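Trainee:
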Amino acid sequence: MVCRYGDDLKMMVEQVKQYTSEGKVADYIPALSVADPSKVAVAIYDGNDTCFSEGNFNEKFTLQSISKVLTLALALMDHGEKYVFSKVGMEPTGDPFNSISKLETQIPSKPLNPMINAGALAVSSLIKGSSNEEKLERLLQFVRDLSGNDQISYNKEVAQSEFETADLNRALSYFMKQHGVLTGDVDELLDFYTKQCAIEVNCEDLAKIGFALANQGKHPLQKNDIIPAEIARLVKTFMVTCGMYNASGEFAIRVGIPAKSGVSGGIVGAVPGNIGIGIYGPALDKKGNSVAGMRLLELLSSKYHLSIF
Ligand code: DON
8 MVCRYGDDLK MMVEQVKQYT SEGKVADYIP ALSVADPSKV AVAIYDGNDT CFSEGNFNEK
68 FTLQSISKVL TLALALMDHG EKYVFSKVGM EPTGDPFNSI SKLETQIPSK PLNPMINAGA
128 LAVSSLIKGS SNEEKLERLL QFVRDLSGND QISYNKEVAQ SEFETADLNR ALSYFMKQHG
188 VLTGDVDELL DFYTKQCAIE VNCEDLAKIG FALANQGKHP LQKNDIIPAE IARLVKTFMV
248 TCGMYNASGE FAIRVGIPAK SGVSGGIVGA VPGNIGIGIY GPALDKKGNS VAGMRLLELL
308 SSKYHLSIF
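Next up, the structure:
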């Protein structure tokens, strides 16, 4: 088989491994603290049968904030742009992902964008379904369709661990409920949100999800649209402006790939009209992004000229 990325990937993974010691695994969600910080993995999907993968690519991890791009797409499909953006804004914050400060200074009070926790909670409250089970099943089916992996489910232990310790997210939700951004029972919302964040994938699943986002929402193998092209475009734009939180500006300059990170150490990348990238490296920098993963994306972008700018 002609291997377009194979040899390079091996070298790049070796090269970025040294940076894992500069980061720390997330421990504010207790179940995430057991991850091995030395792990690094990458998968690239170009729409053909298999991924180009290197490192610990079979390792499973939870989506965490990467799920925010998927709930945003689903909420937009459920309600359309006008309604969704009456609840959440379109501007980057420059603040940490779990910050509450801008909620108080914005008038009317609504979260600035769907990638920060406040915005993602508001978006999750919009997912259609008569119960949390139904909402979660719809979301899981969506992720299975995008990744072509029917086995995808959520990690109960991680979900429970976050549910028991999510007081900051509860505070954000109560604040937004008071200001009419969301309605309903906050603990019900937290139950759904923590399960959404605990959806479990590996790098190859992520690369396939990234490919679908990169290619107008089409399924990697069946070529049927899972996400309308306009919504895929919109979601990718948020990935550029807010996907790496308060590191999004530097990331756009150094890497220039629409991407979204999660505190489990995953990063999904979507190079428009081209490949999907899945990364795993649980050692995080202070802003909550994978240290080795960011370096790896920088190497990939420069080697294959992947920046959209
Ligand atoms: O709500 C939280 O804090 C987590 N479930 C997700 C945060 C996250 O992944 C931020 N990403 N870098």
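In this note's numbering, the protein residues as written are 8 to 316.
Positions of the beta carbon are idealized from the N, C-alpha and C atoms, including for glycine.
Values in this document were obtained by computation on a predicted structure and should not be read as measured data.
Between which two residues does the alpha helix (DSSP H) holding Ile238 run?
Mentor: Element bounds for Ile238: 236 to 249.
Trainee: Could you pull the start and end residues of the alpha helix (DSSP H) that Val91 belongs to?
Mentor: It spans 88 to 94 - the alpha helix (DSSP H) in which Val91 sits, taken as one unbroken run.
Trainee: Please classify Leu16 as buried or exposed, where buried requires at least 16 neighbouring CB atoms within 10 angstroms.
Mentor: Buried, by the Cβ-count rule.
Trainee: Nearest to Val32 by CA position, among His312, Ser271, Phe218, is which residue?
Mentor: For the residues His312, Ser271, Phe218, the minimum Cα distance to Val32 belongs to Ser271.
Trainee: Determine the extent of the alpha helix (DSSP H) in which Val188 is found, giving its start and end residues.
Mentor: First-last for Val188: undefined, no H or E at that position.
Trainee: Going by Cα to Cα distance, which pick from Gly269, Arg302, Leu228, Met301 is closest to Leu77?
Mentor: Measuring from the Cα of Leu77, the nearest candidate turns out to be Gly269.
Trainee: Contact between the segment 148 to 167 and the segment 223 to 237: three or more CB pairs below 8 angstroms?
Mentor: Cβ pair count under 8 angstroms is three or more, so yes.
Trainee: Taking 6 angstroms as the line, does the beta carbon of Val270 fall inside it for any heavy atom of the ligand DON?
Mentor: Yes, since a heavy atom of the ligand DON falls inside the 6 angstroms radius drawn around the Cβ of Val270.
Trainee: Taking only the alpha-carbon atoms, compute the straight-line gap between Val9 and Lys46 and give it to the nearest angstrom.
Mentor: Below a pLDDT of 50, predicted positions are generally treated as unreliable, and Val9, at 44, falls in that range; the measurement from the model is reported next regardless. One C-alpha to the other measures close to 27 angstroms.
Trainee: Classify Lys163 as buried or exposed, calling it buried when 16 or more other Cβ atoms lie within 10 Å of its own Cβ.
Mentor: Exposed.
Trainee: Does the contact criterion of 3 or more C-beta pairs under 8 angstroms hold for the segment 248 to 258 versus the segment 183 to 191?
Mentor: The segment 248 to 258 is not in contact with the segment 183 to 191.
Trainee: Report the rounded CA-to-CA distance for Met301 versus Asn139, giving the unit in angstroms.
Mentor: Each residue's alpha carbon lies about 34 angstroms from the other.
Trainee: Is there a Cβ from chain E that is less than 7 angstroms from the Cβ of Glu237?
Mentor: Of the protein chains in this structure there is only one, and it is not chain E.
Trainee: Where do the N-terminal and C-terminal ends of the beta strand (DSSP E) with Ser60 fall, by residue?
Mentor: Residues 59 to 62.
Trainee: Can you have a look at Ser309 and say buried or exposed, based on whether 16 or more other CB atoms are within 10 angstroms of its CB?
Mentor: Result: exposed.
Trainee: Would you decide whether Leu175 is buried or exposed? Buried here means 16 or more other CB atoms lie within 10 Å of its CB.
Mentor: Under this definition Leu175 is an exposed residue.
Trainee: Asn124: beta carbon under 6 angstroms from a heavy atom of the ligand DON?
Mentor: For the ligand DON, at least one heavy atom lies less than 6 angstroms from the Cβ of Asn124.
Trainee: Once the 5 residues before and after Gly288 are set aside, which same chain residues still bring their CB inside 6 angstroms of it?
Mentor: Val47, Gly272, Ser297, Ala299, Gly300.
Trainee: Is Thr100 helix, strand or coil by DSSP?
Mentor: Looking at Thr100 - three-state DSSP - the assignment turns out to be coil, as it is neither helix nor strand.
Trainee: Judging by CA-CA distance, which residue of Lys94, Lys75, Gly276, Leu179 is the nearest neighbour of Cys210?
Mentor: Nearest C-alpha to Cys210: Gly276.
Trainee: Can Leu197 and Ala173 be called in contact, C-beta distance under 7 angstroms?
Mentor: For Leu197 and Ala173, yes; Cβs fall inside 7 angstroms.
Trainee: Touch check for the segment 127 to 144 and the segment 67 to 84: three-plus C-beta pairs under 8 angstroms?
Mentor: Yes, the segment 127 to 144 is in contact with the segment 67 to 84.
Trainee: Which stretch, first to last residue, makes up the beta strand (DSSP E) that contains Tyr252?
Mentor: Segment: none, Tyr252 is in no beta strand (DSSP E) and carries neither H nor E.
Trainee: Hey, which unbroken runs of the alpha helix (DSSP H) at 4 residues or more fall wholly within the segment 104 to 131?
Mentor: Counting whole runs of 4 or more residues, the segment 104 to 131 contains the alpha helix (DSSP H) stretches 108 to 112, 124 to 131.
Trainee: Can you name, in chain order, every residue of its own chain whose Cβ lies under 6 angstroms from the Cβ of Ala42, other than the five neighbours on each side?
Mentor: Counting only Cβ-Cβ distances below 6 angstroms, and skipping sequence neighbours, we find Val32, Pro289.
Trainee: Using DSSP's beta-bridge definition, name the partner residues of Val49.
Mentor: According to DSSP, Val49 bridges with Glu61, Ile286.
Trainee: Mind the definition here: the segment 87 to 101 touches the segment 52 to 61 only if three or more C-beta pairs lie below 8 angstroms; say whether that holds.
Mentor: No, the segment 87 to 101 does not touch the segment 52 to 61.
Trainee: Any idea what DSSP makes of Leu147, helix, strand or coil?
Mentor: Leu147: helix per DSSP, three-state reduction.
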